[in-house]
Structure formats: C-alpha cells, structure tokens
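To start, the structure under review is shown below, and the notes come after it.
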Amino acid sequence: MKSLIRAFRAELIKSKRTYGLLISILIPILITGLQFLIFFIKHEYFARFGFNPWKIMGDNLFNTMGLVVLPLYLIIIAYLINFTEHRSGAWKYLFSLPIPKFSIYTAKILLTFLWLLIFCLLTALLFFASGWLLVKLRPDIGFQDYNINILIIISFVKIFISCAGILAIQFFMSIYWKDFIRPVGIGIACVIVAIILGSWKMIYIFPYSNPKLVAKSLAAQETNIFIEPVIISIIFSIIFFIGGYFLLAKQEVK
C-alpha cells in the first residue's frame, strides 16, 4: 500500500506537466455553460413546452457527452497519462525504482479515474447550479416545478461506469504504442464507427457506444444502474486493464 501511495503521489506531480486536469475542468464548464445559455436566451420557447425542463436539459447534456465529448475526452486522457514516459523515455527510470510495477500501473489507472471523476462531478454540480440559477433568472421555464434529482444522479453514476471500457482500451493502446497517431487515431475511428452503427440492435457490445446508450437511458427514465452498456463496460475494463498490466510487466529496463 505504501508503494502505491508513493507511486500515486509521483503521478500527481507529473500530471502537472500535462493538461489532463485542466481539460477535466474546462470541458464541463463549456458544455454546461452552453446548455445554460440556450435555456437563458430561448426561455420563452421552453416555457411553452409545458414539460419537465430538468429532463430536457438533462437529455441535451447527456446526449452531447455520450455521443462525442466523453469518448474523445477519454481518448485524450488515456494518452496523456503515459505521455511523459513516452516522450522522455522515463519508463526505464520508473522500473529502476524500488516500487513494484503493479503499483506504478495502478497509480496511473487511479489518476485517470480521478480525472474522470472530477469531470463527472463538476458536470453534475454545474448542471444543478444552472437549473437553480434559471429558477431565479427565468422562472417562466418552470425548473422550480419539477424534481428529478435522483434520476440525474443515477444517470451520472451510470455514465461514469460506462466510460471504464473505453478508458481501459485506450490505456492499453497508449502503453503498447509510444506515438500519438495510432492510439488516438484508432480511438477516433472507433467513435465514428459507434456513431455510424448507432441504430444496430447489438451496438451495446461495442464499448465506444456505451456512454451514448447510457444517455438514452435517461430519456427512458431508467433507474437501474447495471444496464447492458454498463455491464459490458465493466467487462471490457477488467479485460484490458489486466492485459495492460501484463503488457507493462514485460517491459524491461534498458
């Protein structure tokens, strides 16, 4: 446990040289800010709907995140986590330290999930803050007349877990390939495939579609956390995170 804590602290220090934390903060501000502006400017349009504005804004936000934003975000942070070692050839230095490779590997995984957690928590907080601010600024929309807090919170939990599969696959590729083009290029290609095959009945077995499918579960008001896309994501994350460790363990100090 001490070696894991030491490795994690080292990863936190190294992460200051990357933009992982920065984009984990800026993207939620951007996407929730845009949602707020849409409702603020077009408040009369939404007021005429007579529907739950929390659900409308939630559907818009989750569809935006699930279709493109989250998959691309995961591709980027999975690359950034190993960027420093690849760029400076620091793997040999890491492996020469009296720290087990398992601790080094686990610390990197924990940092990526920490960034993802910050992304999801900040997005959730800004989402609720936007709605509450619109209650004061645009009461005609009707945010104060509805409450779906539990559904929104459950949906954020599901979308967090649904990202694990993509993160594990991209993490594996970022270890296997040292360059930027292949892991990021393949990841983007998989996102495009997920969009094209979005209507396929069995698309849930393709992990790059999981965040989008979880976003649809909000529209269906599904409160069960362990739906098919979430389960598939967990399975892929276990397989590729274990595979990534064995891939890293084979690397020797040279």
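Going by the numbering used here, the sequence shown opens with residue 2, and the numbers climb by one from there. Virtual Cβ for every residue (Gly too), placed ideally from N, Cα, C.
query                                                                                                             : result
Any C-beta of chain C under 8 Å from that of Ala48                                                                : Reference to chain C is not applicable here, since this structure consists of a single protein chain.
Touch test, the segment 167-178 against the segment 128-139, Cβ-Cβ under 8 Å, three pairs minimum                 : no
Touching by the beta-carbon criterion (3+ pairs, under 8 Å), the segment 49-64 and the segment 163-171            : no
Candidates Leu23, Leu75, Ile160, of which the one nearest Ala216 by Cα                                            : Ile160
Helix, strand or coil at Cys121 [DSSP, three-state]                                                               : helix
Trp178 - DSSP class collapsed to helix/strand/coil                                                                : coil
CB of Val158 within 8 Å of CB of Gln145, strictly                                                                 : no
Three-state secondary structure assigned by DSSP to Gly199                                                        : coil
Outcome for Ser218 when other beta-carbon atoms lying within 10 angstroms are tallied against a minimum of 16     : buried
Cβ-heavy atom distance, Val192 to the ligand GDP, below 7 Å                                                       : Among the components modelled here there is no ligand, and therefore nothing to report on the ligand GDP.
Residue from Ile100, Trp55, Ser156, Thr65 whose Cα sits closest to the Cα of Met2                                 : Ile100
Assigned exposure category for Gly188 - 16 Cβ within 10 Å defines buried                                          : buried
Inter-stretch contact (C-beta, 8 Å, three-pair minimum) for the segment 9-25 and the segment 101-115              : yes
Member of Arg10, Val70, Ser4 whose CA lies at the smallest distance from the CA of Ile28                          : Val70
Ala108 vs Glu223 beta-carbon contact at 8 Å                                                                       : no
Close-in-space but distant-in-sequence residues of the same chain around Ile76 (CB under 7 Å, 5 per side omitted) : Gln171, Val185, Gly188, Ile189
Whole-angstrom distance between Gly143 and Phe40, CA atom to CA atom                                              : 11 Å
Euclidean distance between Cα positions of Ala125 and Ile155                                                      : 11 Å
Top-ranked residue by Cα proximity to Ile32, from Thr65, Ile78, Pro230, Leu23                                     : Thr65
DSSP-derived helix/strand/coil call for Arg10                                                                     : helix
Three-way DSSP call (helix, strand, coil) for Lys213 in this model                                                : helix
Nearest-angstrom beta carbon gap, Leu214 and Tyr205 [assumed within contact, 8 Å]                                 : 6 Å
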